[in-house]
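Student:
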(Lines of atoms letter the chains of each structure in order from A and count residues from 1; the text may use other names and numbers.)
(Lines give C-alpha, C1' and ligand atoms only; values in the text may rest on other atoms or scores of the structure.)
Protein backbone atom coordinates (compact mmCIF):
# COMPACT_ATOMS: atom_id res chain seq x y z
CA UNK A 1 0.00 0.00 0.00
CA UNK A 2 1.37 3.41 -0.93
CA UNK A 3 1.88 6.05 1.72
CA UNK A 4 1.63 9.35 -0.11
CA UNK A 5 0.87 12.06 2.41
CA UNK A 6 1.14 15.83 2.27
CA UNK A 7 0.38 18.41 4.92
CA UNK A 8 -1.51 21.63 4.32
CA UNK A 9 -1.39 24.24 7.07
CA UNK A 10 -3.37 27.47 7.32
CA UNK A 11 -1.74 30.61 6.04
CA UNK A 12 0.73 32.21 8.41
CA UNK A 13 1.20 29.07 10.54
CA UNK A 14 4.06 26.60 10.57
CA UNK A 15 4.10 23.02 11.79
CA UNK A 16 6.52 21.97 14.52
CA UNK A 17 7.90 18.69 15.80
CA UNK A 18 7.68 17.41 19.34
CA UNK A 19 10.81 17.95 21.41
CA UNK A 20 11.95 16.05 24.48
CA UNK A 21 10.87 18.91 26.73
CA UNK A 22 7.33 19.12 25.44
CA UNK A 23 4.20 17.14 26.14
CA UNK A 24 1.32 16.82 23.66
CA UNK A 25 -1.25 16.86 26.45
CA UNK A 26 -3.41 19.93 26.83
CA UNK A 27 -3.55 22.10 29.98
CA UNK A 28 -0.05 21.15 31.14
CA UNK A 29 -1.07 17.62 32.14
CA UNK A 30 1.05 14.52 31.80
CA UNK A 31 -0.38 12.32 29.06
CA UNK A 32 -0.51 8.63 29.90
CA UNK A 33 -1.65 6.36 27.08
CA UNK A 34 -2.42 2.68 27.64
CA UNK A 35 -2.20 0.67 24.44
CA UNK A 36 -4.03 -2.64 24.32
CA UNK A 37 -6.05 -4.74 21.91
CA UNK A 38 -5.73 -7.92 19.90
CA UNK A 39 -2.36 -9.66 19.81
CA UNK A 40 -0.87 -9.12 16.36
CA UNK A 41 -2.83 -5.92 15.72
CA UNK A 42 0.26 -3.70 15.85
CA UNK A 43 1.01 -2.78 19.46
CA UNK A 44 4.78 -2.94 18.90
CA UNK A 45 4.53 -0.72 15.82
CA UNK A 46 2.31 1.71 17.74
CA UNK A 47 4.81 1.97 20.59
CA UNK A 48 7.65 2.62 18.14
CA UNK A 49 5.61 5.32 16.41
CA UNK A 50 4.78 6.99 19.72
CA UNK A 51 8.47 6.93 20.66
CA UNK A 52 9.13 8.87 17.45
CA UNK A 53 6.46 11.35 18.59
CA UNK A 54 8.27 12.00 21.88
CA UNK A 55 6.69 9.42 24.17
CA UNK A 56 8.53 7.19 26.57
CA UNK A 57 7.33 3.71 25.63
CA UNK A 58 7.07 0.77 28.03
CA UNK A 59 5.74 -2.63 26.96
CA UNK A 60 4.12 -5.39 29.00
CA UNK A 61 4.33 -3.56 32.32
CA UNK A 62 2.68 -5.42 35.25
CA UNK A 63 -0.41 -3.47 36.26
CA UNK A 64 0.76 -3.35 39.89
CA UNK A 65 3.71 -1.20 38.77
CA UNK A 66 1.68 1.24 36.67
CA UNK A 67 1.17 3.93 39.30
CA UNK A 68 4.75 3.69 40.57
CA UNK A 69 5.91 4.35 37.01
CA UNK A 70 3.56 7.24 36.29
CA UNK A 71 2.92 9.17 39.50
CA UNK A 72 6.52 10.34 40.11
CA UNK A 73 6.41 11.96 36.65
CA UNK A 74 3.57 14.32 37.48
CA UNK A 75 4.34 17.99 36.85
CA UNK A 76 4.39 18.79 40.55
CA UNK A 77 7.03 16.12 41.18
CA UNK A 78 9.11 16.17 38.02
CA UNK A 79 11.40 18.64 36.32
CA UNK A 80 10.38 20.05 32.95
CA UNK A 81 13.12 17.97 31.31
CA UNK A 82 11.55 14.74 32.59
CA UNK A 83 8.03 15.81 31.74
CA UNK A 84 7.47 13.44 28.80
CA UNK A 85 4.27 11.63 27.86
CA UNK A 86 4.19 7.90 28.53
CA UNK A 87 2.84 5.10 26.33
CA UNK A 88 2.36 1.75 28.06
CA UNK A 89 1.55 -1.48 26.24
CA UNK A 90 -0.63 -4.01 28.02
CA UNK A 91 -2.10 -7.21 26.58
CA UNK A 92 -3.02 -10.77 27.53
CA UNK A 93 0.63 -11.47 28.40
CA UNK A 94 0.57 -8.77 31.09
CA UNK A 95 0.48 -9.94 34.68
CA UNK A 96 -2.98 -9.38 36.23
CA UNK A 97 -4.43 -8.63 32.78
CA UNK A 98 -8.19 -8.15 32.68
CA UNK A 99 -10.77 -5.54 31.76
CA UNK A 100 -11.64 -4.68 35.36
CA UNK A 101 -8.01 -4.35 36.62
CA UNK A 102 -6.98 -2.21 33.64
CA UNK A 103 -9.94 0.14 33.85
CA UNK A 104 -9.49 0.38 37.62
CA UNK A 105 -5.91 1.60 37.09
CA UNK A 106 -7.03 4.01 34.35
CA UNK A 107 -9.72 5.43 36.64
CA UNK A 108 -7.18 5.89 39.42
CA UNK A 109 -4.82 7.77 37.13
CA UNK A 110 -7.67 9.85 35.69
CA UNK A 111 -8.56 10.94 39.22
CA UNK A 112 -5.16 12.64 39.46
CA UNK A 113 -5.63 16.29 38.39
CA UNK A 114 -2.18 16.44 36.78
CA UNK A 115 -2.67 13.38 34.57
CA UNK A 116 -4.51 12.91 31.27
CA UNK A 117 -5.01 9.13 30.98
CA UNK A 118 -6.60 7.40 28.01
CA UNK A 119 -6.85 3.97 26.38
CA UNK A 120 -6.01 3.10 22.77
CA UNK A 121 -7.42 -0.20 21.47
CA UNK A 122 -5.86 -1.78 18.36
CA UNK A 123 -8.17 -4.15 16.50
CA UNK A 124 -7.81 -6.27 13.37
CA UNK A 125 -9.86 -8.75 11.35
CA UNK A 126 -9.51 -12.36 12.46
CA UNK A 127 -8.46 -13.51 8.99
CA UNK A 128 -5.75 -10.87 8.80
CA UNK A 129 -4.51 -11.81 12.27
CA UNK A 130 -4.24 -15.43 11.14
CA UNK A 131 -2.28 -14.37 8.05
CA UNK A 132 0.09 -12.29 10.18
CA UNK A 133 0.78 -15.14 12.57
CA UNK A 134 1.22 -17.59 9.71
CA UNK A 135 3.60 -15.20 7.96
CA UNK A 136 5.80 -14.60 11.01
CA UNK A 137 5.40 -18.13 12.42
CA UNK A 138 5.00 -16.60 15.87
CA UNK A 139 2.73 -18.36 18.34
CA UNK A 140 -0.38 -16.65 19.57
CA UNK A 141 -0.05 -16.16 23.36
CA UNK A 142 -3.35 -17.96 23.95
CA UNK A 143 -2.80 -20.70 21.36
CA UNK A 144 0.43 -22.34 22.44
CA UNK A 145 -1.07 -25.84 22.21
CA UNK A 146 -4.12 -25.20 20.08
CA UNK A 147 -4.99 -23.74 16.65
CA UNK A 148 -4.39 -20.00 16.18
CA UNK A 149 -8.10 -19.46 15.48
CA UNK A 150 -8.96 -20.76 18.97
CA UNK A 151 -6.51 -18.34 20.56
CA UNK A 152 -7.89 -15.40 18.59
CA UNK A 153 -11.48 -16.28 19.49
CA UNK A 154 -10.57 -16.62 23.17
CA UNK A 155 -8.69 -13.34 23.23
CA UNK A 156 -11.48 -11.46 21.48
CA UNK A 157 -13.87 -12.53 24.22
CA UNK A 158 -11.39 -11.43 26.89
CA UNK A 159 -10.77 -7.95 25.47
CA UNK A 160 -14.29 -7.11 24.25
CA UNK A 161 -14.93 -4.97 27.33
CA UNK A 162 -11.73 -3.01 26.78
CA UNK A 163 -12.73 -2.18 23.23
CA UNK A 164 -16.02 -0.80 24.52
CA UNK A 165 -14.25 1.35 27.13
CA UNK A 166 -11.40 2.59 24.92
CA UNK A 167 -11.09 6.29 24.12
CA UNK A 168 -9.77 5.55 20.61
CA UNK A 169 -10.16 2.37 18.55
CA UNK A 170 -7.94 1.88 15.49
CA UNK A 171 -8.52 -0.99 13.06
CA UNK A 172 -5.14 -1.93 11.58
CA UNK A 173 -6.39 -4.55 9.10
CA UNK A 174 -5.34 -2.54 6.04
CA UNK A 175 -2.90 -0.13 7.68
CA UNK A 176 0.82 -0.10 6.96
CA UNK A 177 3.16 1.24 9.69
CA UNK A 178 3.30 4.69 8.07
CA UNK A 179 -0.48 5.02 8.03
CA UNK A 180 -0.71 3.84 11.64
CA UNK A 181 1.86 6.43 12.71
CA UNK A 182 -0.07 9.16 10.89
CA UNK A 183 -3.28 8.21 12.72
CA UNK A 184 -1.53 8.10 16.09
CA UNK A 185 0.04 11.49 15.44
CA UNK A 186 -3.38 12.90 14.68
CA UNK A 187 -4.84 11.59 17.93
CA UNK A 188 -1.88 11.83 20.30
CA UNK A 189 0.84 13.99 18.73
CA UNK A 190 1.90 17.53 19.54
CA UNK A 191 -1.11 19.83 19.72
CA UNK A 192 -3.63 16.99 19.67
CA UNK A 193 -6.73 18.06 21.54
CA UNK A 194 -6.02 21.76 21.11
CA UNK A 195 -7.94 21.89 17.83
CA UNK A 196 -9.49 19.49 15.36
CA UNK A 197 -7.02 17.94 12.91
CA UNK A 198 -8.47 16.82 9.59
CA UNK A 199 -7.18 14.07 7.35
CA UNK A 200 -8.49 13.80 3.79
CA UNK A 201 -7.84 10.58 1.88
CA UNK A 202 -8.75 9.31 -1.56
CA UNK A 203 -9.29 5.60 -2.12
CA UNK A 204 -10.49 2.95 -4.57
CA UNK A 205 -13.79 1.28 -3.74
CA UNK A 206 -12.55 -1.95 -5.29
CA UNK A 207 -9.86 -2.09 -2.59
CA UNK A 208 -12.28 -1.57 0.25
CA UNK A 209 -13.29 1.34 2.48
CA UNK A 210 -10.67 3.01 4.68
CA UNK A 211 -11.49 1.53 8.08
CA UNK A 212 -10.29 4.64 9.90
CA UNK A 213 -12.67 6.94 8.00
CA UNK A 214 -15.23 8.98 9.93
CA UNK A 215 -16.99 10.30 6.82
CA UNK A 216 -17.07 8.52 3.43
CA UNK A 217 -18.21 10.07 0.14
CA UNK A 218 -18.69 8.38 -3.22
CA UNK A 219 -17.62 10.46 -6.24
CA UNK A 220 -18.02 7.74 -8.86
CA UNK A 221 -20.89 9.63 -10.51
CA UNK A 222 -18.46 12.24 -11.87
CA UNK A 223 -17.18 11.99 -15.44
CA UNK A 224 -14.39 9.41 -15.56
CA UNK A 225 -11.04 10.44 -17.11
CA UNK A 226 -10.13 6.76 -17.37
CA UNK A 227 -12.04 6.56 -20.65
CA UNK A 228 -9.92 9.32 -22.20
CA UNK A 229 -6.74 7.68 -23.54
CA UNK A 230 -4.66 10.83 -23.03
CA UNK A 231 -5.80 11.18 -19.41
CA UNK A 232 -5.75 7.53 -18.35
CA UNK A 233 -2.05 7.41 -17.35
CA UNK A 234 -2.33 10.67 -15.38
CA UNK A 235 -3.92 11.22 -11.97
CA UNK A 236 -6.23 13.72 -10.28
CA UNK A 237 -3.40 16.14 -9.48
CA UNK A 238 -2.70 16.82 -13.15
CA UNK A 239 -4.15 20.02 -14.59
CA UNK A 240 -5.62 18.30 -17.65
CA UNK A 241 -7.44 15.75 -15.47
CA UNK A 242 -8.70 18.55 -13.22
CA UNK A 243 -9.99 20.50 -16.24
CA UNK A 244 -11.83 17.41 -17.51
CA UNK A 245 -13.56 16.77 -14.16
CA UNK A 246 -14.38 20.45 -13.68
CA UNK A 247 -16.45 20.38 -16.87
CA UNK A 248 -18.85 17.92 -15.23
CA UNK A 249 -21.96 19.89 -14.14
CA UNK A 250 -22.29 17.56 -11.15
CA UNK A 251 -19.04 18.75 -9.55
CA UNK A 252 -20.23 22.13 -8.27
CA UNK A 253 -23.30 20.76 -6.43
CA UNK A 254 -21.15 18.01 -4.94
CA UNK A 255 -18.49 20.38 -3.69
CA UNK A 256 -20.97 22.97 -2.42
CA UNK A 257 -22.86 20.30 -0.52
CA UNK A 258 -19.67 18.77 0.87
CA UNK A 259 -18.18 22.03 2.10
CA UNK A 260 -21.54 23.23 3.40
CA UNK A 261 -21.94 20.09 5.48
CA UNK A 262 -18.38 20.28 6.82
CA UNK A 263 -18.84 23.95 7.71
CA UNK A 264 -21.70 22.89 9.96
CA UNK A 265 -20.11 19.73 11.32
CA UNK A 266 -16.55 20.80 12.14
CA UNK A 267 -17.47 23.24 14.96
CA UNK A 268 -19.74 20.59 16.46
CA UNK A 269 -17.02 17.94 16.33
CA UNK A 270 -14.58 20.35 17.97
CA UNK A 271 -17.10 21.26 20.66
CA UNK A 272 -17.52 17.58 21.48
CA UNK A 273 -13.78 17.26 22.03
CA UNK A 274 -13.01 15.26 18.87
CA UNK A 275 -9.35 15.81 18.02
CA UNK A 276 -9.03 13.96 14.71
CA UNK A 277 -11.37 13.58 11.73
CA UNK A 278 -10.81 11.45 8.63
CA UNK A 279 -12.75 12.31 5.48
CA UNK A 280 -12.53 9.69 2.72
CA UNK A 281 -13.48 10.20 -0.93
CA UNK A 282 -13.70 7.17 -3.18
CA UNK A 283 -13.91 6.35 -6.85
CA UNK A 284 -13.46 3.05 -8.67
CA UNK A 285 -9.68 3.02 -9.09
CA UNK A 286 -8.53 5.73 -6.69
CA UNK A 287 -6.46 7.62 -9.29
CA UNK A 288 -8.54 10.36 -10.89
CA UNK A 289 -11.84 11.58 -9.47
CA UNK A 290 -11.27 10.86 -5.79
CA UNK A 291 -7.73 12.28 -5.92
CA UNK A 292 -8.95 15.48 -7.57
CA UNK A 293 -11.80 16.05 -5.10
CA UNK A 294 -9.57 15.20 -2.11
CA UNK A 295 -6.97 17.76 -3.21
CA UNK A 296 -9.60 20.43 -3.79
CA UNK A 297 -11.27 19.74 -0.44
CA UNK A 298 -7.94 19.93 1.39
CA UNK A 299 -7.20 23.29 -0.22
CA UNK A 300 -10.62 24.59 0.79
CA UNK A 301 -10.10 23.46 4.39
CA UNK A 302 -6.68 25.14 4.54
CA UNK A 303 -8.18 28.37 3.18
CA UNK A 304 -10.66 28.21 6.07
CA UNK A 305 -7.89 28.04 8.68
CA UNK A 306 -8.00 24.28 9.28
CA UNK A 307 -4.94 22.09 9.60
CA UNK A 308 -5.33 19.29 7.08
CA UNK A 309 -3.28 16.42 5.70
CA UNK A 310 -3.88 14.68 2.38
CA UNK A 311 -3.24 11.03 1.55
CA UNK A 312 -3.91 9.11 -1.67
CA UNK A 313 -4.19 5.54 -0.48
CA UNK A 314 -4.42 3.70 -3.77
CA UNK A 315 -2.77 6.10 -6.19
CA UNK A 316 0.24 3.86 -6.83
CA UNK A 317 -1.49 0.53 -6.27
CA UNK A 318 -1.30 -1.95 -9.19
CA UNK A 319 -4.46 -2.23 -11.23
CA UNK A 320 -6.05 -5.69 -10.78
CA UNK A 321 -6.84 -7.34 -14.09
CA UNK A 322 -4.99 -4.71 -16.11
CA UNK A 323 -4.02 -5.77 -19.62
CA UNK A 324 -0.69 -5.15 -21.25
CA UNK A 325 -2.30 -2.38 -23.30
CA UNK A 326 -3.16 -0.33 -20.27
CA UNK A 327 -5.84 -2.29 -18.49
CA UNK A 328 -9.59 -2.47 -18.59
CA UNK A 329 -10.30 -1.39 -15.03
CA UNK A 330 -12.20 1.80 -14.40
CA UNK A 331 -10.74 4.56 -12.26
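In this note's numbering, the protein residues as written are 442 to 772. Note that the Cβ used here is the ideal one computed from N, Cα and C, for glycine as well.
Just to confirm, does residue 474 get its C-beta within under 7 Å of one of the non-hydrogen atoms of the ligand NAP?
Tutor: In the structure shown, the ligand NAP is absent, as is every other ligand, since no ligand is present at all.
Student: Mind checking which residues open and close the alpha helix (DSSP H) that includes residue 696?
Tutor: Taken as a continuous stretch (DSSP letters only), the alpha helix (DSSP H) holding residue 696 covers 692-712.
Student: Can you tell me where the alpha helix (DSSP H) with residue 546 in it begins and where it stops?
Tutor: Note, residue 546: alpha helix (DSSP H), 540-551.
Student: Quick one: any contact between the region 650-669 and the region 708-727, if contact means 3 or more CB pairs under 8 Å?
Tutor: Result yes; three or more Cβ-Cβ pairs closer than 8 Å.
Student: Might you give, ordered along the chain, the residues of its own chain that have their beta carbon closer than 7 Å to the beta carbon of residue 591, omitting 5 neighbours on each side?
Tutor: The answer, listed in chain order, is 584.
Student: Taking only the alpha-carbon atoms, compute the straight-line gap between residue 626 and residue 489 and give it to the nearest angstrom.
Tutor: Cα to Cα, residue 626 sits roughly 12 Å from residue 489.
Student: State buried or exposed for residue 731, treating a residue as buried only when at least 16 other CB atoms are found within 10 Å of its CB.
Tutor: Counting Cβ neighbours within 10 Å, residue 731 comes out buried, since at least 16 surround it.
Student: Kindly confirm or deny that the region 740-751 and the region 636-648 touch, where touching means at least three C-beta pairs closer than 8 Å.
Tutor: Because the criterion of three Cβ pairs below 8 Å is met, the region 740-751 and the region 636-648 touch.
Student: Write down every uninterrupted run of the beta strand (DSSP E) in the region 719-765 whose length is 3 residues or greater and which is fully enclosed by it, in chain order.
Tutor: As far as the region 719-765 is concerned, its whole beta strand (DSSP E) runs of at least 3 residues are 748-753.
Student: If you pair each beta-carbon of the region 528-537 with each one of the region 498-515, do three or more pairs fall below 8 Å?
Tutor: Contact between the region 528-537 and the region 498-515 is present, because at least three Cβ pairs lie under 8 Å.
Student: Just mark residue 651 as buried or exposed, buried being the case when its beta carbon has 16 or more other beta carbons within 10 Å.
Tutor: Per the 10 Å Cβ criterion, buried.
Student: Work out the CA separation of residue 575 and residue 563 for me, nearest whole Å.
Tutor: Their Cα atoms are separated by approximately 19 Å.
Student: Quick one, are the C-beta atoms of residue 630 and residue 494 less than 8 Å apart?
Tutor: Result yes, Cβ atoms of residue 630 and residue 494 sit closer than 8 Å.
Student: For residue 669, which three-state DSSP category applies?
Tutor: Three-state result, residue 669: coil.
Student: From which residue to which residue does the beta strand (DSSP E) around residue 530 run?
Tutor: Element bounds for residue 530: 527-530.
Student: In this structure, does DSSP put residue 681 in helix, strand or coil?
Tutor: Helix, per DSSP.
Student: Whole angstroms are fine: how far does the CA of residue 706 sit from the CA of residue 588?
Tutor: Roughly 46 Å between the two C-alpha positions.
Student: Measuring CB atoms only, is the region 663-679 touching the region 688-695, in the sense that at least three cross pairs come out at less than 8 Å?
Tutor: Yes: the two stretches touch, three or more of their Cβ pairs being nearer than 8 Å.
Student: Going by DSSP in three states, residue 490 sits in which element: helix, strand or coil?
Tutor: Reduced to three states, the DSSP call for residue 490 is helix.
Student: Please go through the same chain and pick out, in chain order, the residues whose beta-carbon is closer than 7 Å to the beta-carbon of residue 682, but skip the five residues on each side of it.
Tutor: 666, 672, 675, 676, 729 and 733, listed in sequence order.
Student: Ends of the alpha helix (DSSP H) at residue 625?
Tutor: Looking at the DSSP string, the run of the alpha helix (DSSP H) that includes residue 625 is 618-629.
Student: Report yes if the C-beta distance between residue 544 and residue 606 is below 8 Å; otherwise report no.
Tutor: Yes. Within cutoff.
Student: In terms of alpha-carbon separation, which member of 621, 678, 567 and 755 lies closest to residue 646?
Tutor: The shortest C-alpha separation from residue 646 is found at 755.
Student: Go through its chain and collect everything with a Cβ distance to residue 602's Cβ below 7 Å, but skip five positions before and after it.
Tutor: Closer than 7 Å at Cβ, skipping near neighbours: 540.
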